[in-house]
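Have a look at the structure below before the remarks.
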Amino acid sequence: MNEPNFQIAVIRGDGIGVDVTDATLAVIEAARGRVGGFRLTYNDLIGGAAYYRESGQDMAPGAEDAAGDADAIFLGAIGLPEVRHEDGTEISPHLRLREMFQLYAGVRPVKAYPNVPCRLADPRAAEIDLIILRESTEGLFYTAAAHNRNPVANDDEVQDVLRITRPTTEKLHDFAFRLAQRRKAKGRGGSLTCVDKANVFRSMAFFRQIFDERAENFPDVERRYNYVDAQALDLIRRPWEFDVLVMENMFGDILSDLGGGLVGGMGMAACGEIGDEHGLFQPAHGSAPDIMGQDKANPLAAILSGAMMLDYLAEKSDQPQLADAAGVIEDAVQAGFAENRLRPMEFGGDMGTTAVTDELLDLIR
Ligand code: IPM
Ligand code: MG
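When we follow numbering that gives the first Met the number 0, the leftmost residue of the sequence shown carries the number 0, and every step to the right adds one.
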C-alpha cells in the first residue's frame, strides 16, 4: 500500500522537553495506529542549552537545514538558566528557527477542560475556548532573534527594537481572520480581537491600520479591538467572551502564559508556529529544569501541540486522515478529563508524565 509518509524533525531540547516529546510521539503513534493511512518518520536533531554547554553551538551542524527539509518540526523545550550567552541571555535557537522559517503565526489555544481546577470562581470559566495568535518573528523579539541587532548595546544603554512590517502583518491578520472564519464554521465564536497599544505606539497604530485594511476581505468576522493592558484585565474578568485574539510577539508571549494560567497551567499550553512553508510545534512552556528527570511534568501541552501538527499536515497535504488522528488525540484528552482519568500533578493530581501518557494511550487504543 502506498501510504503517504511525512518527515518530522524532532528537537527534544533540554529538561522536561525530552520527556514530553517522548510522550507526544508515543501518543501520535497510537492515534496513527487507530486511524491508519499515513506514516511518520522521525528525524532526531540535536540542539539546546546542554548541547551548547558542551559544544559552543546551540544546534548540531546541519540541524537547521534538516529541520527546513522536514514536513514539520516538533520541539520539546530549550533552555537552562545556568547556561547563557555572554550578553546574559539564554540559549534560544528556537527564536532563530522562527525567523529563518518565517513562522509568523503562533497559534496558542486556551481551552478549559472538565475537572481541571479553574482559578476563576465564575462558572462561565468552564466555557473558555479562545486562541491567542502571537506574531512570532518580529515585534519586540526582532532584536532578540539575532544577538547583534541591538542598535545600541553598551555599558550605559541597551536598546531593543519593536519592529512591525507590512508584509508579515498582512499575512498575520489574514491568518487570524481565516482562523476566526473556520472556528465560526464549527460553531465557535467567530470574532477576532486586535490586541495592541495603538493609543501610544506608532508601530501599534500601524498594526491596527493593517488589521482594518485586511478586515475588508472578511466581512463575516466580527471585528473587535482591545488595548493589551485592558486585554490582560479582561482575560481575568470575562475570558469566555473572546474567540481569536491577534497580537504582537511580546504581548502574545505574556498573554499566552496568562492564558495557560486560566486553564490549569503551562502544562496545558499548546502551540503551533506556522509560516507559509514551514510549521513548528511545541508546548509554550519552558524546559522546567526544577522538575526535570522526576516524571512530574504534564505532557499534555506537548501532546496537544502534536495534535496541532497532525492538523497542520492534514491541511498542507490534503490528507484528512491526519486530521482524524488529531481528533482522536483531542477527543481522548477531553474524555480523559471528563471521566477524571487524567489527573496531572501540575494541578494537584496524582499522575506524573508516564501515568498521564499511559492513560491517554489506553484511551486511544
Ligand atoms: C515561548 C517561550 C519562548 C519565547 C522562550 C523559551 C524563548 O517563552 O514559547 O513562549 O519567549 O518565545
Ligand atoms: Mg513564553
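All residues carry an ideal CB built from backbone N, CA and C; glycine is no exception.
Return the first residue and the last residue of the alpha helix (DSSP H) that residue i is part of.
i    : result
F100 : Where F100 is concerned, there is no enclosing alpha helix (DSSP H), given that its DSSP letter is neither H nor E.
V26  : I15 to V34
A59  : A59 -> no alpha helix (DSSP H), and no H or E assigned at all.
Y41  : First-last for Y41: R38 to D43, but that is the beta strand (DSSP E), not the alpha helix (DSSP H).
V355 : T352 to I363
D289 : Looking at the DSSP string, D289 is not in any alpha helix (DSSP H), and its letter there is neither H nor E.
M246 : From DSSP, M246 is part of no alpha helix (DSSP H) but of the beta strand (DSSP E) over V243 to M246.
Y50  : A48 to S54
T168 : R165 to A184
E329 : P319 to A337
R201 : R201 to A214
S91  : Note, S91: premise wrong, no alpha helix (DSSP H); not H, not E.
E314 : L299 to S316
Is residue i near the ligand MG - that is, is its Cβ less than 7 angstroms away from at least one heavy atom of it?
i    : result
A365 : Any answer about residue 365 is impossible in this case: the structure gives the chain only from 0 up to 364.
Residue i lies in the beta strand (DSSP E); which residues open and close that run?
i    : result
S190 : S190 to D195
Q6   : N4 to G12
N225 : E221 to Y226
G75  : A71 to A76
F280 : G278 to F280
G347 : Note, G347: premise wrong, no beta strand (DSSP E); not H, not E.
I130 : D128 to E134
E81  : Run containing E81: none; DSSP gives neither H nor E here.
D271 : A small fix is needed here, since residue 271 is Gly in this sequence, not Asp. G271 to I273 is the span of the beta strand (DSSP E), which, as asked, contains G271.
Taking residue i as the reference, which of the options has the closest Cα?
i    : options                   : result
A313 : E98, L39, G186 and R223   : L39
V34  : A325, G347 and L362       : A325
I15  : G47, P60 and G32          : G47
Q281 : I7, N4 and G75            : G75
V227 : M249, L303, Q208 and E240 : M249
D70  : E276, A306 and V332       : E276
I77  : L279, I235, V109 and H284 : H284
N153 : E85, G105 and A296        : E85
A144 : E89, G251, R181 and G186  : E89
G274 : R187, G105, I302 and D310 : G105
F205 : L161, S190, G188 and F241 : L161
E2   : I363, E358, P319 and F346 : P319
C270 : L129, E81 and A184        : L129
E221 : Q180, R201 and D330       : Q180
D203 : R177, I163 and R148       : Per the sequence presented here, residue 203 reads as Met, with Asp not at that position. Considering only alpha carbons, the answer is I163.
A30  : E358, V327, G188 and L234 : V327
A306 : S190, L234 and M267       : M267
P343 : T356, A334 and A331       : T356
G12  : A301, D317 and Q6         : A301
Y311 : V157, L178, G292 and E338 : L178
D43  : G87, L303, V17 and A229   : V17
P122 : I253, I235 and L299       : I235
D361 : R340, F346 and E345       : R340
I209 : S286, P166, F346 and P288 : P166
L309 : F73, E126 and V109        : F73
E440 : T142, A111 and E126       : There is simply no residue 440 to check, as the chain begins at 0 and stops at 364 in what is shown.
I363 : V82, I253, E338 and D330  : D330
A65  : H146, G189 and V9         : V9
D252 : I131, R207, Q6 and Q293   : I131
V82  : G335, E338, S316 and S286 : S286
Using only the heavy atoms of the ligand IPM, determine whether one of them is closer than 7 angstroms to the beta carbon of residue i.
i   : result
H93 : yes
G78 : yes
Heavy atom of the ligand MN less than 7 angstroms from the Cβ of residue i, yes or no?
i    : result
G285 : Among the ligands present in this structure, namely the ligand IPM and the ligand MG, the ligand MN is not found.
For residue i, would you say it is in contact with chain B, using Cβ-to-Cβ distances shorter than 8 angstroms as the test?
i  : result
F5 : Judged by its chain identifiers, the structure shown contains no chain B, having just a single protein chain.
Exercise for the section: Would you check if the region 231-246 and the region 187-203 touch, i.e. whether three or more CB-CB distances between them fall below 8 angstroms? Expected result: Touching, yes.
Problem - Distance cut 7 angstroms, beta-carbon to the ligand MG heavy atom: residue list by chain order - result: Listed by chain position, these are D252, S255, D256 and A283.
Practice task
Tell me, please, whether the region 346-364 touches the region 15-22 by the rule of three or more beta-carbon pairs shorter than 8 angstroms.
Solution key: In the pairwise beta carbon analysis, the region 346-364 is classified as touching the region 15-22: at least three pairs are separated by under 8 angstroms.
Exercise for the section: Report yes or no: do the region 261-274 and the region 100-115 share at least 3 C-beta pairs separated by less than 8 angstroms? Expected result: With the cut-off at 8 angstroms, the region 261-274 and the region 100-115 touch.
Exercise for the section: Mind the definition here: the region 167-180 touches the region 197-215 only if three or more C-beta pairs lie below 8 angstroms; say whether that holds. Expected result: For the pair of segments examined, the region 167-180 was found to touch the region 197-215: the number of CB pairs separated by less than 8 angstroms reaches three.
Handout entry: Cβ contact (3+ pairs, closer than 8 angstroms) linking the region 98-105 and the region 134-150
Key = Contact between the region 98-105 and the region 134-150 is present, because at least three Cβ pairs lie under 8 angstroms.
Exercise for the section: Flag this pair as touching only if the region 87-97 and the region 42-59 have three or more C-beta atom pairs under 8 angstroms; answer yes or no. Expected result: Result yes; three or more Cβ-Cβ pairs closer than 8 angstroms.
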